[in-house]
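Comments concern the structure below.
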Ligand SMILES: *Cc1c(COP(=O)(O)O)cnc(C)c1O
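Numbering (the numbering used here), first residue to last: 1 to 376.
Below you can see the structure in the form of structure tokens.
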């Protein structure tokens with residue numbers, strides 16, 4: 001037996017095709033919305049929304065991105081190994097990593113409270129060194145960031161900031177994907193006031209959808225994530241960005257059914273007449289959400305096939321009665337997410353958002369990257 005006999009030549013869990021040139025062109029679309037000196041950063045948190053932080057970030061850096069955002073220091077440290085020259089901002093700040101993690105890896109903490117400011121200032125004083133830090137002021141998310149009382153404190157005690165080298169002053173929009181929502185304008189006004197108190201460094205407010213709210217939301221730097229990965233940032237309009245992923249599951253078994261019977265857990269689906277059921281190797285453990293049971297579709301060739309019965313942990317069942325046998329045999333692939341039925345469509349089938357679909361996909365799929373380095 002040779003070593004190659006011991007390796008798995010193709011993944012039983014299916015293939016996730018990721019078009020890196022689509023990510024680069026989506027980055028260009030976002031840059032195209034910006035004017036003047038405004039630049040475009042990239043959010044690559046949660047393993048670049050499930051698509052793989054390393055290849056995605058390399059692509060974005062090649063496309064010109066200089067500012068990367070991750071959730072925790074851990075992601076920043078991994079990113080620093082492959083991109084020595086970009087700025088890496090860590091949203092959870094000092095709660096998401098130690099002061100040493102930040103300074104050793106040249107990561108920029110987003111300081112989210114006065115205690116963070118104190119800790120970072122004393123680190124800077126002790127080392128006689130002022131690496132950049134960001135300040136996040138909460139204008140309506142009530143999640144991370146300083147509340148207005150703390151901003152008022154900073155206004156009255158400006159010496160508190162003396163030891164800091166502030167790169168970004170940022171806030172985050174709660175309702176940017178709903179342009180008519182009054183919160184957008186309220187947060188914009190609050191953030192404009194924040195800038196009067198904290199005029200130093202660059203200002204950043206907009207996520208993907210915020211980019212499409214108009215140029216007064218752009219400030220110095222925008223921070224899209226979702227739109228880079230093919231999620232429509234303007235759900236009420238035709239998407240300005242291209243699809244990035246195609247998710248294919250493998251047919252494990254095909255059952256011919258000629259008597260009325262039920263499919264899957266809970267016997268929730270009844271096969272009425274003669275037909276064929278394909279079992280495909282992707283389930284909720286692979287991020288194919290259980291909420292998709294009985295309410296989504298897959299695609300074989302150009303035929304749409306319903307997901308029938310409950311989604312299992314590692315498998316789903318499709319009614320492939322209408323599909324020619326020649327293209328629906330065990331070992332063949334079906335599209336679970338693809339051009340016919342994109343991330344946003346699958347999300348709407350299960351009552352969630354494209355973000356959750358992408359982030360849930362996980363690493364069991366064989367990730368196949370296309371067009372890396374081809375974009376110029
Ligand atoms: C995730 C995140 C973003 C990016 O949001 P998208 O909607 O994916 O563009 C920007 N800013 C903050 C603070 C975030 O947490």
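Glycine included, every Cβ here is placed at the ideal spot set by N, Cα and C.
This one's a predicted model, so the numbers in the text were calculated from it and none came from an experiment.
| Exposed or buried, residue 45, counting other C-beta atoms within 10 Å across all chains shown (16 or more means buried)? | buried
| Start and end residues, alpha helix (DSSP H) containing residue 23 | 20 to 32
| query | Rounded to a whole number of angstroms, what is the C-alpha to C-alpha distance between residue 33 and residue 330? | reply | 46 Å
| message | Is the separation between the beta-carbon of residue 184 and that of residue 198 shorter than 9 Å? | response | no
| What residue from 148, 105 and 242 has the CA that sits closest to residue 140's CA? | 148
| query | Which same chain residues, not among the five before or five after residue 353, have their C-beta less than 6 Å away from its C-beta? | reply | 347
| Distance cut 5 Å, beta-carbon to ligand 1 heavy atom: residue list by chain order | 43, 172, 207, 208, 223, 224, 225 and 226
| field | Span of the beta strand (DSSP E), counted from its first residue to its last, around residue 179 | value | Segment: none, residue 179 is in no beta strand (DSSP E) and carries neither H nor E.
| message | Can you tell me whether residue 165 is helix, strand or coil according to DSSP? | response | strand
| request: Classify residue 85 as buried or exposed, calling it buried when 16 or more other Cβ atoms lie within 10 Å of its own Cβ. | output: exposed
| query | Looking at the structure shown, is residue 348 part of a helix, part of a strand, or coil, going by DSSP? | reply | helix
| request: Please report how far the alpha carbon of residue 288 lies from the alpha carbon of residue 229, in whole angstroms. | output: 18 Å
| request: Under the assumption that residue 54 contacts residue 20 (Cβ atoms under 8 Å), give the Cβ distance between them as a whole number of angstroms. | output: Wrong, their Cβ atoms sit about 11 Å apart, outside the cutoff.
| Ranges of the alpha helix (DSSP H) found wholly within the stretch 176 to 262, counting only runs of at least 4 | 182 to 197 and 208 to 211
| task | Would you kindly check if the distance between the Cβ of residue 286 and the Cβ of residue 305 is under 9 Å? | result | no
| Does the stretch 264 to 284 come close enough to the stretch 34 to 42 that 3 or more CB-CB pairs lie under 8 Å? | no
| request: Quick one: using the 10 Å Cβ neighbour count with 16 as the cut-off for buried, is residue 57 buried or exposed? | output: buried
| query | Could you give the C-beta distance for residue 167 and residue 145, rounded to a whole number, given that I count them as a contact under 8 Å? | reply | Not really, about 16 Å apart at Cβ, beyond 8 Å.
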